[in-house]
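Student:
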Amino acid sequence: MGISAWLGVIRDVVLPRGCAGCDAPDAVVCGECRELLDRTVVFDMPGTSIGRGYACAWYGGAVRQVILGWKDHRDEECDGPLSEAMAVLAARCLQATVSGMHTVLVVPAPSSSASVHRRGRRHTAVLAAAVARACRDMGIDARVVPLLTMDHVRGRSVQMGGGQRSRRVSGRIAVRRPELCRHAHVIVVDDIVTTGATMRQCVDALRSSGAQVVTCLSVAYTPQPDAATVRDSAARDDTSAA
Ligand SMILES: [Zn+2]
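Pasting the structure below:
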């Protein structure tokens with residue numbers, strides 16, 4: 473190992489880490505970036521009971537940095553801030569929707585086995601666990617059940633164009649234990665919703681097995697050219713009225 477590599481090791485030990493989103497010192501995710509994760513984006517999600525899904529943030533800038541570092545560069549210290557953001561979103565958006573429900577299954581969106589192998593874990597399960605905890609805090613018997621599987625998909629989905637992603641994903645999502653789906657209330661959880669195509673595949677697969685998909689939650693939502701379907705500024709009014 474050369475001197476500069478050793479200096480890098482020493483720097484990493486001596487100096488605390490920077491924010492995963494903006495590199496500000498002394499924080500896993502700094503206060504400003506946490507605020508970006510507290511936007512509540514509402515998006516249309518056909519096939520769900522309430523017809524829409526919710527995301528913590530728009531996908532881009534510091535939010536994109538946090539998510540990519542977390543999922544693709546094993547920055548597992550971001551588990552904490554991202555779980556917190558998902559729990560806040562769930563508490564804000566689900567209260568009215570899930571009240572009266574006895575049991576809710578929280579289903580993480582699937583990754584291909586190649587992605588799971590590369591990352592060393594199913595990262596969406598971390599988010600699903602946070603949502604399930606938030607539901608239990610609301611008095612609902614909620615648990616994470618990884619019901620969905622995805623066949624091998626080549627390439628990293630977020631870098632593909634919308635149509636390409638849709639084609640590749642089409643027909644590749646399956647339900648692992650359909651007997652658990654019958655009459656079950658389900659919430660699907662993902663990291664990024666880009667075109668919504670993957671999420672719709674998840675919803676369709678679960679519904680075809682008899683589940684009632686209540687809604688979908690995600691960390692981030694990619695801005696669409698047709699922004700009319702997204703009601704960011706109205707999100708809080710919308711959810712408080714829901
Ligand atoms: Zn930051």
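Going by the numbering used here, the first residue of the sequence shown is number 473, and it counts up by one from there.
Ideal Cβ positions, reconstructed from N, Cα and C, are used throughout, including at glycine.
#1: If residue 526 sits next to residue 565, beta carbons under 8 Å apart, how far is it from one beta carbon to the other, in whole angstroms?
#2: Between the region 520-538 and the region 570-580, can you find at least three pairs of beta-carbon atoms closer than 8 Å?
#3: Give me the Cα-Cα distance between residue 578 and residue 552, rounded to the nearest whole angstrom.
#4: Measure the Cβ-Cβ separation of residue 489 and residue 500 and say whether it is below 8 Å.
#5: Report the three-state DSSP secondary structure of residue 673 (helix, strand or coil).
#6: Is residue 692 a contact residue of ligand 1, with contact defined as CB to any heavy atom under 7 Å?
#7: Between residue 694 and residue 664, how many whole angstroms is the CB-CB distance? I'm expecting something under 8 Å.
#8: Tell me the residue span of the alpha helix (DSSP H) that contains residue 538.
#9: Comparing alpha-carbon positions, which option in 593, 497, 478, 619 lies nearest residue 656?
#10: Give the residues whose C-beta lies closer than 5 Å to at least one heavy atom of ligand 1, in chain order.
#11: Within a Cβ cutoff of 6 Å, which residues of the same chain sit near residue 535, ignoring the five residues on either side of it in sequence?
#12: Starting from residue 684, follow the beta strand (DSSP E) in both directions and report where the run begins and ends.
#13: Which one or two residues does DSSP pair with residue 551 in a beta bridge?
#14: With the cut-off set at 8 Å, would you say residue 582 and residue 599 are in Cβ contact?
#15: Determine which residues share a DSSP beta bridge with residue 523 and list them.
#16: Using CA atoms only, rank isn't needed, just tell me which of 667, 696, 542, 648 is closest to residue 681.
#17: Using the DSSP secondary-structure output, state which residues sit across from residue 615 in a beta bridge.
#18: So, with DSSP's three-state summary, where would you put residue 620?
#19: Within its chain, find whatever has a CB closer than 6 Å to the CB of residue 541; leave out the 5 residues flanking it on each side and keep chain order.
#20: When the Cα of residue 659 is compared with those of 513, 533, 687, which residue comes out closest?
#21: With 16 other CB atoms within 10 Å as the buried threshold, where does residue 662 fall?
#22: Name the DSSP beta bridge partners of residue 516, please?
#23: Is the Cβ-Cβ distance between residue 557 and residue 606 less than 8 Å?
#24: Please tell me whether residue 617 and residue 519 are closer than 8 Å, where the distance is taken between their beta carbons.
Tutor: Result, derived from the coordinates:
#1: Correct: roughly 4 Å between the Cβ atoms.
#2: With a cut-off of 8 Å, the region 520-538 and the region 570-580 do not count as touching, because too few Cβ pairs lie within range.
#3: In this structure, the CA atom of residue 578 is about 19 Å from the CA atom of residue 552.
#4: Closer than 8 Å, so yes.
#5: Secondary structure of residue 673 (DSSP, three-state): helix.
#6: Not one heavy atom of ligand 1 falls within 7 Å of the beta-carbon of residue 692.
#7: In this structure residue 694 is in contact with residue 664, their Cβ atoms being roughly 7 Å apart against a cut-off of 8 Å.
#8: DSSP places residue 538 in the uninterrupted alpha helix (DSSP H) bounded by 533-544.
#9: Looking at the Cα atoms, 619 is the closest of the given residues.
#10: Answer in sequence order: 491, 493, 494, 496, 502, 505.
#11: Hits under 6 Å: 508, 529, 692.
#12: Membership of residue 684 in the beta strand (DSSP E) is indicated by the continuous run 684-693.
#13: Under DSSP, no beta-bridge partner is assigned to residue 551.
#14: Judged by their CB atoms, residue 582 and residue 599 are not nearer to each other than the 8 Å cut-off.
#15: DSSP, once it has assigned bridges, lists no residue as partnering residue 523.
#16: Nearest of 667, 696, 542, 648 to residue 681, Cα basis: 648.
#17: In the DSSP assignment, residue 615 forms a beta bridge with 577.
#18: Judged by DSSP in its simplified three-state form, residue 620 adopts strand.
#19: Around residue 541: 492, 547.
#20: That would be 687, whose Cα lies nearest to the Cα of residue 659.
#21: Burial of residue 662 is indicated by the presence of at least 16 other C-beta atoms within 10 angstroms of its C-beta.
#22: Per DSSP, 524.
#23: Inclusion of residue 557 and residue 606 in the CB contact set at 8 Å is not warranted, their separation being larger than that value.
#24: No Cβ-Cβ contact shorter than 8 Å links residue 617 with residue 519.
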